[in-house]
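Undergrad:
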Amino acid sequence: MVQNFNYVTAHNYIISFHRFKNANFQKFAQSAFLQPRCLPLRAQRMLAQCAEPTPKAMPLGLSELRSTKTKKTTKPSSPSSTSPHAHQTLTLPQFLSMARKSSLLKQSLATIVVVLLIYAFLNTFLTPTTTAKLETALPSFSSASSISSDVFASRENQLNFPGKPVKVYLYDLPKRFTYGVIEHHSLARGGRPDEDVSKLKYPGHQHMGEWYLFKDLLKPESERFGSPVQKVLDPEEADFFYVPFFSSLSLIVNPARPASGSDKPLYSDEENQVALIEWLEEQVYWKRNNGRDHVIMASDPNALYKVIDKVKNSVLLVCDFGRLKEDQGSLVKDVIVPYSHRINTYSGDISVEDRNTLLFFMGNRFRKEGGKIRDLLFQLLENEEDVIIKHGTQSRESRRAASHGMHTSKFCLNPAGDTPSACRLFDSIVSLCVPVIVSDSIELPFEDVIDYRKIAIFVESNAALKPEFLVSMLRGITTERILEYQKELNEVKRYFQYGVPNGTVNEIWRQVAQKLPFIKLSINRDGRLVKRDLNVRDCSCLCSNQTGIITSL
1 MVQNFNYVTA HNYIISFHRF KNANFQKFAQ SAFLQPRCLP LRAQRMLAQC
51 AEPTPKAMPL GLSELRSTKT KKTTKPSSPS STSPHAHQTL TLPQFLSMAR
101 KSSLLKQSLA TIVVVLLIYA FLNTFLTPTT TAKLETALPS FSSASSISSD
151 VFASRENQLN FPGKPVKVYL YDLPKRFTYG VIEHHSLARG GRPDEDVSKL
201 KYPGHQHMGE WYLFKDLLKP ESERFGSPVQ KVLDPEEADF FYVPFFSSLS
251 LIVNPARPAS GSDKPLYSDE ENQVALIEWL EEQVYWKRNN GRDHVIMASD
301 PNALYKVIDK VKNSVLLVCD FGRLKEDQGS LVKDVIVPYS HRINTYSGDI
351 SVEDRNTLLF FMGNRFRKEG GKIRDLLFQL LENEEDVIIK HGTQSRESRR
401 AASHGMHTSK FCLNPAGDTP SACRLFDSIV SLCVPVIVSD SIELPFEDVI
451 DYRKIAIFVE SNAALKPEFL VSMLRGITTE RILEYQKELN EVKRYFQYGV
501 PNGTVNEIWR QVAQKLPFIK LSINRDGRLV KRDLNVRDCS CLCSNQTGII
551 TSL
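Encoded structure:
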């Protein structure tokens with residue numbers, strides 16, 4: 001036992017002293033295991049000093065603590081030694097600190113050894129070959145790993161396509177299809193001709209998305225920070241080709257009024273549509289894939305109505321499929337985009353204190369097709385005391401009244417118009433006025449990232465027309481629930497703001513980028529098919545949703 005004695009053993013003895021204290025320590029030290037005579041001389045001294053009732057300092061020479069193994073005949077150094085270190089002594093706390101450091105050092109070394117052993121094991125046994133064997137032996141785990149990898153890879157591709165960005169080439173169209181449309185719109189409303197039409201401003205209206213996308217691609221790439229697509233100047237590098245025809249503005253240029261102060265002929269939207277197709281069909285890249293990798297915005301339901309069959313292979317940016325046939329538009333190849341909101345964004349706090357109106361609507365009472373429901377809703381709701389529902393037209397006065405009404409109402413009614421969707425929905429979203437959607441065939445933008453049930457209430461048309469049903473349902477919604485709706489609206493409203501950074505424009509490009517795998521599939525599939533039955537609907541057709549619920553609440 002004497003031969004195996006070391007400072008760790010001494011450390012254990014000292015700890016025993018603290019545990020048993022004075023008298024108890026003496027009894028413990030007299031046990032068979034800790035007989036002082038069984039200990040080396042240094043340990044006996046330590047025990048004797050620890051047993052003193054009021055020890056002040058342990059007169060242990062530093063030379064004694066540092067001594068190495070010697071022969072049995074060699075005596076330990078005396079405290080009265082003439083060595084320069086003979087008069088240096090260590091107190092009990094100092095000795096304990098040294099013992100603890102020694103113990104911690106050993107534990108650290110042991111931990112490092114264990115880590116190295118684990119690394120060596122993993123590096124040796126979990127090689128690619130071994131991993132492949134494990135995947136074969138454990139198909140369930142390997143499948144889960146594969147699915148997980150695919151999910152993350154898919155999500156990575158959705159978020160700006162890192163490593164391989166989707167590239168877009170902006171066609172340099174003749175000015176008649178871009179700034180020329182703006183000029184004719186201005187002339188038809190009393191404006192004067194301008195030598196530099198590129199200085200003309202695009203007029204504000206609900207289809208301004210075509211202007212914002214065009215301006216985005218005109219910017220230097222360095223200023224398009226955060227865009228999910230990369231603009232390229234070489235068409236050979238492009239994945240998509242953007243055709244910046246202002247199709248919606250062209251549709252509303254008044255053809256009946258001559259250009260004021262100009263001898264130019266009257267503007268014809270149909271002629272421009274035909275001229276656009278003639279220009280495209282001369283382009284190498286259009287002919288290469290029959291226009292499938294081209295992107296065209298047609299947000300007005302009647303935009304490009306004369307030539308829609310000529311461009312139906314392209315990725316169409318539309319507000320809904322209300323005027324498109326099944327083989328002309330689908331969720332598979334096209335992108336649903338929002339109208340540009342026409343009223344001011346609400347900048348107040350999330351609250352119902354200043355929203356005293358239960359339900360608000362202002363718009364055209366009489367519409368065609370699905371919009372006929374508006375007149376029926378007018379008849380049901382116009383006499384309700386906490387409901388404002390009135391006829392309005394597109395004017396500055398109407399927009400000011402609509403802004404005030406939406407900003408002071410809890411809910412905003414959004415019935416179908418001539419087509420299932422309408423600009424009013426996006427006005428209510430930026431107003432934090434909870435939309436009440438009564439449009440059974442509506443398609444909504446960006447539904448892969450937005451759950452509209454969290455920001456809107458959907459009511460089936462037949463249910464909404466039942467007397468007292470709609471108002472009673474809305475009155476039963478608690479204040480807390482309304483605040484939850486407002487909070488969600490505030491979170492997602494940027495998706496419906498074309499003019500803000502990382503807003504609608506970036507989201508539209510992200511949606512377009514996601515179409516690339518299907519576009520490539522369609523191009524390759526077209527290339528290998530020899531004969532197709534033109535009477536059978538195209539494989540890219542996908543019928544839009546038909547709402548089958550009474551209400552989303």
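One point on numbering: in UniProt numbering, the residue at position 385 of the sequence shown is 385, and numbering is uninterrupted. Using N, Cα and C, we set each Cβ at its ideal position, and we do this for glycine too. If you're wondering where the values come from, they're calculated on a predicted model, not measured in any experiment.
1) Which residues in the same chain as Asn-302 place their Cβ atom closer than 8 Å to its Cβ, once the five residues preceding and following it in sequence are excluded?
2) Check whether the region 192-208 and the region 373-383 are in contact - that is, three or more C-beta pairs closer than 8 Å.
3) For Ser-403, which of Phe-518, Glu-221, Ile-429 and Ser-421 has the nearest alpha-carbon?
4) Would you tell me roughly how many angstroms separate the C-alpha atoms of Glu-447 and Pro-165, rounded to the nearest one?
5) Can you check the region 354-392 for any alpha helix (DSSP H) of at least 4 residues that lies completely inside it and give the ranges in chain order?
6) Hey, out of Leu-173, Ser-314 and Tyr-179, whose CA is closest to Val-512's CA?
7) Out of curiosity, what's the CA-to-CA distance linking Leu-521 and Leu-331?
8) Rounded to the nearest angstrom, what separates Gly-503 and Arg-481 at their Cα positions?
9) Using only CA atoms, which one of Asp-216, Tyr-179 and Asp-451 lies nearest to Pro-228?
10) Whether or not the region 433-453 and the region 386-399 are in contact is what I'm after, with contact meaning three or more pairs of Cβ atoms, one per stretch, closer than 8 Å; do they touch?
11) Considering just the uninterrupted stretch of the alpha helix (DSSP H) at Lys-520, what are its terminal residues?
12) In the structure shown, what three-state DSSP assignment does Leu-553 receive?
13) Name the DSSP bridge partner or partners of Tyr-242?
14) Is the separation between the beta-carbon of Ser-247 and that of Glu-270 shorter than 8 Å?
15) Near Arg-355, which residues of its chain fall below 6 Å by C-beta distance, leaving aside the five closest residues on each side in sequence?
16) Between Val-352 and Thr-479, which are expected to be in contact by the criterion C-beta below 8 Å, what is the C-beta distance as a whole number of angstroms?
17) Nearest-angstrom Cα distance between Val-115 and Leu-104?
18) Determine whether the beta carbon atoms of Met-406 and Asp-440 lie at a separation below 8 Å.
19) Please return the same chain residues whose Cβ sits closer than 8 Å to the Cβ of Ile-350, not counting the five positions on each side in sequence.
20) Might you give, ordered along the chain, the residues of its own chain that have their beta carbon closer than 6 Å to the beta carbon of Ile-519, omitting 5 neighbours on each side?
21) Which residue marks the beginning of the alpha helix (DSSP H) containing Val-430, and which one marks its end?
22) Restricting to Cα atoms, I'd like to know which of Val-113, Met-208 and Trp-279 is closest to Asp-172.
23) For the region 333-346 and the region 412-426, state whether three or more C-beta atom pairs, one from each stretch, are separated by less than 8 Å.
24) How long is the line joining the alpha carbons of Val-318 and Leu-358, rounded to whole angstroms?
25) Tell me which residues share the same chain as Lys-312 and place their Cβ nearer than 6 Å to its Cβ, disregarding the 5 neighbours each side in the sequence.
26) Can you tell me which residues form a DSSP beta bridge with Tyr-206?
27) In the structure shown, what three-state DSSP assignment does Tyr-179 receive?
28) For the candidate residues Leu-413, Arg-494, Pro-420 and Gly-363, whose alpha-carbon lies nearest to that of Ala-456?
29) Is the shortest distance between the beta-carbon of Glu-210 and the beta-carbons of chain D less than 8 Å?
30) Can you find the residues in the same chain that come closer than 6 Å, C-beta to C-beta, to Lys-27, ignoring five residues on each side of it along the sequence?
31) Where does Phe-225 land, buried or exposed, given buried means 16+ other C-beta within 10 angstroms?
32) Are there 16 or more other CB atoms within 10 angstroms of the CB of Asn-289, so buried, or fewer, so exposed?
33) Output yes or no for whether 8 Å exceeds the beta carbon distance between Arg-374 and Pro-415.
34) DSSP puts Ile-455 in a beta bridge; with which residues?
35) Just curious, the beta strand (DSSP E) that Asn-290 is in, first and last residue?
36) Distance, Cα to Cα, Met-473 vs Asn-506?
TA: By the coordinates alone:
1) Leu-251 and Arg-323
2) Flag = no, the region 192-208 and the region 373-383 do not touch.
3) Ile-429
4) 22 Å
5) 373-381
6) Ser-314
7) Going from the Cα of Leu-521 to the Cα of Leu-331 covers about 16 Å.
8) 27 Å
9) Asp-216
10) Contact between the region 386-399 and the region 433-453 is absent, because fewer than three Cβ pairs lie under 8 Å.
11) 516-528
12) coil
13) Leu-170 and Val-295
14) no
15) Thr-408, Ser-409 and Lys-410
16) 6 Å
17) 17 Å
18) no
19) Around Ile-350: Leu-432, Leu-483, Gln-486, Lys-487 and Asn-490.
20) Arg-292 and Asp-293
21) 424-430
22) Trp-279
23) yes
24) 32 Å
25) Take Lys-312, set aside five residues on each side of it, and the residues of its chain with a beta-carbon closer than 6 Å to its own are Gln-328, in chain order.
26) It should be pointed out that residue 206 corresponds to Gln in this sequence rather than to Tyr. None; Gln-206 has no bridge partner.
27) helix
28) Of Leu-413, Arg-494, Pro-420 and Gly-363, the smallest CA-CA separation from Ala-456 is found for Leu-413.
29) Although the question refers to chain D, the structure presented lacks it and comprises just one protein chain.
30) Because the pLDDT at Lys-27 is just 48, under 50, the model does not fix this residue reliably, and the point stays unresolved.
31) exposed
32) Burial call: buried.
33) With contacts defined by Cβ atoms closer than 8 Å, Arg-374 and Pro-415 form a contacting pair.
34) Beta-bridge pairing links Ile-455 to no other residue.
35) Unbroken run through Asn-290: none, as it is neither H nor E.
36) 37 Å
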